[in-house]
Structure formats: structure tokens, C-alpha cells
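A.B. asks: Here it is, the structure, as C-alpha cells.
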Amino acid sequence: MNIRKFGLATTGAVMAFGSLFAATPAAAATSGEVSAAATKSWQLKCRDVQFNESIPGGWTEFWVSCSGNTVTIKGKVYDSAADNRCIVLKVYWPSENRWDSSRKACPKGTNQKFTFTGLKAANPWAHLSSVAAG
Numbered sequence: 430m431n432i433r434k435f436g437l438a439t440t441g442a443v444m445a446f447g448s449l450f451a452a453t454p455a456a457a458a459t460s461g462e463v464s465a466a467a468t469k470s471w472q473l474k475c476r477d478v479q480f481n482e483s484i485p486g487g488w489t490e491f492w493v494s495c496s497g498n499t500v501t502i503k504g505k506v507y508d509s510a511a512d513n514r515c516i517v518l519k520v521y522w523p524s525e526n527r528w529d530s531s532r533k534a535c536p537k538g539t540n541q542k543f544t545f546t547g548l549k550a551a552n553p554w555a556h557l558s559s560v561a562a563g
């Protein structure tokens, strides 16, 4: 076998070997999509309307108000499913590098109130998720 044919054969073998392992991450992504459906994230902006966001198993409603350089987030999280999971809202304040977290709302029909305060310059992000009860 000359060098050119050997190179083509080796390239083909490497491509086949690589495609064997390329299928594995796709399977992992599919299982990750299930948990991703129970999480929702978005950046918070000061506005004069109520935020209403939901995920499978629960939801949240809250207001974001700003005064000077302070942001206040006030509302509730609700558990709407008998699934042995709880609903939690976490707020990340990037420039302060800190998290605020609501209490877990569970079992079904339970709600938890929260109030978070931080710096407006922190550009907070909200993360609504379903977590294991307990």
C-alpha cells in the first residue's frame, strides 16, 4: 500500500471512530433537555408590570422596582404539581457576585413570599427551577 492510500484509509478510520463517539453527546443532550424544561432564566429589568413566569410544576409572580441605585424584587413562588418537587426562584447579582434564593414552595398548592434587594448596577438575573423536595 502506498503512502497516499494509507493516508486515506487512516483518515476514513479516524472519521468512523469519531462518528461512533459523536452519537454519545447527542444522547446526553436529550436527557439534559428534560431537566432544562424545569428551569427558566432571564435578566430582570425595572418595569411597571408584574413578571409572571412558569415552568412545569410551578410558577412565580413578582414586581421589580428601582429607586436610585437599588433594585427590589418582591413576589411569590407557587408549586402547582404533586410531583415530589419544589419551586424555587434564585436571583443572581453579577456585579455583587451573590445569590438570593426564595424558600422552597412545596407540596402542591403551597406558595412562598420573597423580597430581594440589591444594586441596580448588578443587572440581576432570575432563575426559576424545580428542585427535589426535602
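Heads up: the sequence shown begins at 430 in my numbering, then just goes up one per residue. C-beta: ideal position from N, C-alpha, C; glycine also.
Count the other CB atoms, across all protein chains shown, that sit within 10 Å of the CB of Phe-543; report buried if there are 16 or more and exposed otherwise.
C.D. replies: Result: buried.
A.B. asks: At which residue ranges does the region 465-535 contain complete beta strand (DSSP E) runs of 3 or more residues, listed in the order of the chain?
C.D. replies: List check, beta strand (DSSP E) in window: 468-472, 480-484, 487-496, 499-508, 514-522, 527-530.
A.B. asks: Measure the C-alpha to C-alpha separation of Ala-561 and Tyr-521 and round it to an integer number of angstroms.
C.D. replies: Those two C-alpha atoms are separated by around 21 Å.
A.B. asks: What residue range is occupied by the uninterrupted beta strand (DSSP E) comprising Ala-555?
C.D. replies: From DSSP, the beta strand (DSSP E) with Ala-555 extends over 554-561.
A.B. asks: Apart from the five residues on each side of it in sequence, which residues of its chain come closer than 8 Å, Cβ to Cβ, to Glu-462?
C.D. replies: No answer about Glu-462 holds up, because its pLDDT of 33 lies below 50 and its placement is not dependable.
A.B. asks: Please name the residue in Lys-503, Val-500, Ile-502, Lys-533 whose C-alpha comes closest to that of Ile-516.
C.D. replies: For the residues Lys-503, Val-500, Ile-502, Lys-533, the minimum Cα distance to Ile-516 belongs to Lys-533.
A.B. asks: Identify whether Lys-537 lies in helix, strand or coil by the three-state DSSP scheme.
C.D. replies: Coil at Lys-537, not helix or strand.
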